[in-house]
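Which chain is which? The protein sequence lines are A, B and C, in order. 1 is the number of the first residue of the first sequence in full-length UniProt numbering; add one for each residue after it. 1 is the number of the first residue of the second sequence in full-length UniProt numbering; add one for each residue after it. 1 is the number of the first residue of the third sequence in full-length UniProt numbering; add one for each residue after it. Every residue, glycine too, gets a C-beta built ideally from N, C-alpha and C. Notes for the one structure printed next.
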Amino acid sequence: MLTAVAIAVDGLGFAAWLFLSSVGLTLIYGVMRILNIAHGGFYALGAYTAAWAVGLYTQTGSTIALTYLIIPLAALVAGVVSGLLVERGILRFMYGRDEVLMVLVTYAIFLILEDVTKLIWGTDSYVSYQPAYWLGTIDVFGLPYTVYKFLIIAVAIAVGAALYVTLNHTRVGKLLLVVIEDREVSKALGINVTLFFTVTFVIGATLGALGGALTAPEISVVPGIGAEIIVMAFAVIVIGGMGSIGGAMLGALIVGFSRAAFVHLYPPAELFSIYLVMAAVLAVKPYGLFALAESRKI
Amino acid sequence: MTKSFDKTEWGLMVALPVLICLIFVLPAWVVNYVQVSLGTGLVALGVTIQMRAGLVSFGQGLFFCVGGYSAGLAGKFLGISDVFLLLVLGLVSGILISFVLGFLLRRYREIFFAMLSLAVSMILFGLLSSTEELGSTDGFNLPQATYFGWAPEGDTGKTMLYAVTCVVTVIWAIALNRILRSPLGYINEAIRENELRVEYLGTSARQAVHVTYVIAAAVSATGGVLWAMALGHVDPEMTNWTTSGQFVFVSILAGTGNIVAPLIGTFILEIVRVYAVEVSPNTWQMILGTLMLLTIVFLPKGLWSLMNTAKKKTGTVPAAEAVAGE
Amino acid sequence: MTTILETKNLERTFGAVVAAKDINIRIDAGEVLGVIGSNGAGKTTFVNMVTGYLPPSSGEILYRGAPITGKPTREIMRLGICRSFQIPQLFPEMGVLDNMLIALTIAKQQKPVLFRPAIDRVVEDEAIALLTRFRIERYAHQEIQTLPQGVRKLVDIAMATVSDPALLFLDEPTSGVSADEKMDFMRVLIDALKSTDTAVLFIEHDMEIVEEFSPRCVAFYEGTILADGPTGDVLKDAKVREFVIGSEFHRKPDESVETATGKGAA
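Pasting the structure below:
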């Protein structure tokens, strides 16, 4: 029973973290057809910025409450600045190129971002645990969990809902669907496709940074976290079907719960449980659960 | 035509004794880098031949690691230290694993192939990192190499291992060069350009991709064995995707035009890395990334295409042939 | 005459949409057969089903009396059925000769063979001979991307003939060829194919071309066969005139305007 509760809560916690860390990736792929490896870089930038800012702030001895504002602000700054630089500085010259080539391009950008974080923050680890513990813990059927964990779950739900409403129930969302359907026609209709791409990319980058920033209080931020997250994020979005927000949510839930199950039932397999799940899903649905239908070629 | 060797193959055969003699001329540390980069160069070759079919493997480190760990495990648990036996073991493991995985991966192209090969390699990474018996993330050491019962020590041992590395690399390079000119090589190019037409010409694209995947795995596993023997050590980093990324980098930089290019590319990269890490340890990846972007933008067919352009300009190749001859 | 292809009650649905229904066609060895019908009538769906690209939802396909229903494309090609495409399916970053060389190499290859160099003098001569038969040998050293649409179409068709098929489907061979060059284009094509005894089924929107080149004609309408018989009779059929030719008449002047030419045919 305790194990079941632990799997349920941990699973939900993992899922929320995975969703926040991967939704930007699927958003950018869905709109721009770019599988953005640099997403890992944005995640790391977000984590470092948040950990560093929270660290600076807590040194002043002021109330911890404000850190809950500092974390999203850090993510916003990191995501917007780096996202804009990458999109305006590099990617916009490459639109329309082959998808594989864009993977290589964003991989190169990822490498550069990795060193940028090292140059700014060095190779030491950053710890900013205060926000995670200040809210205390609550008991779920006798198991203590940090309130912060539930905060992350709430943020994940909020982000998912916001994206869903924007895409499906606003004018901008409908225009975006047109852009996704056919770039050329959208241009002809007078839609500013370039602006849509820039904004989408910056939002995607910011979401990646937010994933990192929110995680920062729970981990020690070290070089290499970006390389880890990109693989996991890919697994999550490919399970759901790349480019689908709902798919990312479903993928995050599936991966989150199965990883939690492995952690509590068979710990040695935890590190690669994600890929086992992914392989199992792909064996049945080669392009994920919510894969888009392919159009007729001949 | 069938029996003759082409220019690349002759070049490789002539280069072999020269390469081996380097050990008597160059300082030991340079030879060491040559040896190490021949090992990783073979993995880059594995990436390159898949790239000819339009497939970018972001997980070639998997087979690099399979080769290295096969040799390591055989040494650690079975007490085998014979280089030739270890090479065969690594090769067989690479072929077996890739044959099975091939049934999954041959269904995919483009970004899916790239990312799934990456994911598959990370399974092994997770597995090895959490196996304490194998030293987890620290890995473990390999025994000193022997040759049919002969166990040379010191400099003789080093020379022997280096020579074996050179010979095996050249054999692989010639074999792969042949494969690129064989029907399979042409089928792969056709798959890159238009897979639908390949099926309508009566050939299974998936089967060709599967065979290519296994060949790439075999050459990469060989590289893994040689590399592990050279360093005397293996660890899970071998199959981390960032390692695989470097092999992709070399293939992009060198281009798919010639089989020798990735080998040379690997060596140059190794040397640059040594200096870069010394001068400024936190900018190495930045240099890699920038070089890669520049290559993609300005030299989409890799550095090797510079050689071809030079040839065309000097007019040694008749125009028609240059167009037809690829 | 021996029947080489026979379809029985072939049907294909996409969800609720019926793309083809009750398709019963017999094709004799060596005959030339024109297929007409407006866009979406099921012509390409029929070709896709017979060539294994789309498995039929129900029905049977017999080739030389043996069932081939549901077989993969590559196996059907090996048996001697080939096709060309409405949009040429070529290797766009290579030259014309390289396209033919690779096509010949692959077509002659049952399994991927290693180590043996694929291309030699013999294959090259063969490739040139094929290009010559379709009168496009002078484009041999041009890149596909630089070719006019008409020549691309011919390369596409030439590639479909590399394995000497007994039955060849041509999916709108003259689309993209300008109106006044269509006749000459088809003449080159049919002459080239006549020399090989291949049965040819071509999809065509231009009734003059159908009348000129195919003794027999099949009219498709909304996924079914409206008429099948000697071309003269089919084109006079009241229903065909109303549903097929009538709608053809209202079609736009032809997509040919956009492309320069089929110079290769001249």
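Bridge-paired residues (DSSP) for residue i
{"i": "C:L168", "result": "C:C82 and C:V200"}
{"i": "C:S58", "result": "C:E11"}
{"i": "C:G229", "result": "C:C217"}
{"i": "B:F140", "result": "B:V234"}
{"i": "C:V17", "result": "C:F14"}
{"i": "A:L143", "result": "A:V140"}
{"i": "C:V35", "result": "C:I203 and C:V218"}
{"i": "A:S220", "result": "A:V127"}
{"i": "C:A66", "result": "C:Y63"}
{"i": "C:L5", "result": "C:I27 and C:Y63"}
{"i": "C:D184", "result": "C:D184 pairs with nothing; no bridge assigned."}
{"i": "C:T224", "result": "C:Y221"}
{"i": "B:D82", "result": "B:T146"}
{"i": "C:E143", "result": "C:G95"}
Buried or exposed (CB count within 10 angstroms, at least 16 for buried), residue i
{"i": "B:Q246", "result": "buried"}
{"i": "C:L131", "result": "buried"}
{"i": "C:A16", "result": "exposed"}
{"i": "B:T131", "result": "exposed"}
{"i": "C:R121", "result": "exposed"}
{"i": "B:E193", "result": "buried"}
{"i": "B:G258", "result": "Inspection of the sequence shows that residue 258 of chain B is occupied by Asn rather than by Gly. B:N258 is buried by the Cβ-count criterion."}
{"i": "A:S273", "result": "buried"}
{"i": "B:M286", "result": "buried"}
{"i": "A:I157", "result": "exposed"}
{"i": "A:F141", "result": "exposed"}
{"i": "B:G224", "result": "buried"}
{"i": "B:D235", "result": "buried"}
{"i": "B:F84", "result": "exposed"}
{"i": "C:H205", "result": "buried"}
{"i": "A:G89", "result": "exposed"}
{"i": "B:V14", "result": "exposed"}
{"i": "C:K153", "result": "buried"}
Cross-chain neighbours of residue i in chain B, by beta carbon under 8 Å
{"i": "C:P92", "result": "E193 and N194"}
{"i": "A:D115", "result": "N282, T283, W284, Q285, M286 and G289"}
{"i": "A:A260", "result": "Those do not exist, as A:A260 stays about 16 Å from chain B at its closest Cβ, beyond 8 Å."}
{"i": "A:M32", "result": "The contacting residues do not exist; A:M32 stays about 13 Å from chain B at best."}
{"i": "A:E99", "result": "E110 and I111"}
{"i": "A:V221", "result": "Per Cβ cutoff of 8 Å: no residues; A:V221 is ~16 Å from chain B at best."}
Beta-carbon neighbours of residue i, restricted to chain A and to distances below 9 Å
{"i": "B:T290", "result": "A108, L111 and I112"}
{"i": "B:A119", "result": "V231, F234, A235, V238, I274, Y275, M278 and A279"}
7 Å Cβ cut-off: residues of chain B touching residue i
{"i": "A:K118", "result": "N282"}
{"i": "C:T146", "result": "The premise fails here: C:T146 is roughly 10 Å from chain B at the closest Cβ pair, so nothing lies under 7 Å."}
{"i": "C:A103", "result": "L201"}
Listed by chain order, chain C residues near residue i by CB distance under 8 Å
{"i": "B:V198", "result": "I106"}
Within chain B, the residues that residue i reaches when beta carbons sit closer than 9 Å
{"i": "residue 377 of chain A", "result": "As shown, chain A starts at 1 and ends at 298. That puts residue 377 of chain A outside it, with no answer to give."}
{"i": "A:L35", "result": "I111, A114 and M115"}
Chain-ordered chain A contacts of residue i [CB-CB under 8 Å]
{"i": "B:S129", "result": "L271"}
{"i": "B:L104", "result": "A279, L282 and A283"}
7 Å Cβ cut-off: residues of chain C touching residue i
{"i": "B:S204", "result": "R74"}
Contact list for residue i against chain D, beta-carbon separation under 8 Å
{"i": "B:I95", "result": "Here the protein chains are A, B and C, and chain D is not one of them."}
Proximal residues of chain A, C-beta to C-beta of residue i below 7 Å
{"i": "B:T242", "result": "A227"}
Handout entry: alpha helix (DSSP H) runs wholly inside the stretch 21–62 of chain A, at least 4 long, in chain order
Key = 39–59
Practice task
Report yes or no: do three or more beta-carbon pairs, one from the stretch 61–80 of chain C and one from the stretch 90–106 of chain C, lie closer than 8 Å?
Solution key: no
Handout entry: Sufficient close CB pairs (3 or more, under 8 Å) joining the stretch 69–80 of chain B to the stretch 42–60 of chain B
Key = no
Problem - Start-end ranges of the alpha helix (DSSP H) lying completely within the stretch 163–209 of chain A, minimum 4 residues - result: 171–181 and 183–188
Exercise for the section: Could you pull out every unbroken alpha helix (DSSP H) segment of at least 4 residues lying fully inside the stretch 94–179 of chain B, listed in chain order? Expected result: 110–129
Practice task
Run through the stretch 185–269 of chain B for me and flag every whole alpha helix (DSSP H) of 4 or more residues, listed as ranges in chain order.
Solution key: 195–200, 205–231 and 241–254
Handout entry: Given 8 Å, three or more beta-carbon pairs between the stretch 168–176 of chain A and the stretch 33–42 of chain A
Key = no
Exercise for the section: Mind the definition here: the stretch 69–80 of chain A touches the stretch 204–216 of chain A only if three or more C-beta pairs lie below 8 Å; say whether that holds. Expected result: yes
Practice task
Report yes or no: do the stretch 186–196 of chain A and the stretch 10–22 of chain A share at least 3 C-beta pairs separated by less than 8 Å?
Solution key: no
Exercise for the section: Kindly confirm or deny that the stretch 259–266 of chain A and the stretch 157–166 of chain A touch, where touching means at least three C-beta pairs closer than 8 Å. Expected result: no
Practice task
Would you check if there are 3 or more beta carbon pairs closer than 8 Å linking the stretch 243–253 of chain A to the stretch 48–66 of chain A?
Solution key: no
Exercise for the section: Inspect the CB distances between the stretch 73–85 of chain C and the stretch 174–193 of chain B and report whether three or more fall short of 8 Å. Expected result: no
Practice task
Inspect the CB distances between the stretch 49–68 of chain C and the stretch 129–148 of chain C and report whether three or more fall short of 8 Å.
Solution key: no
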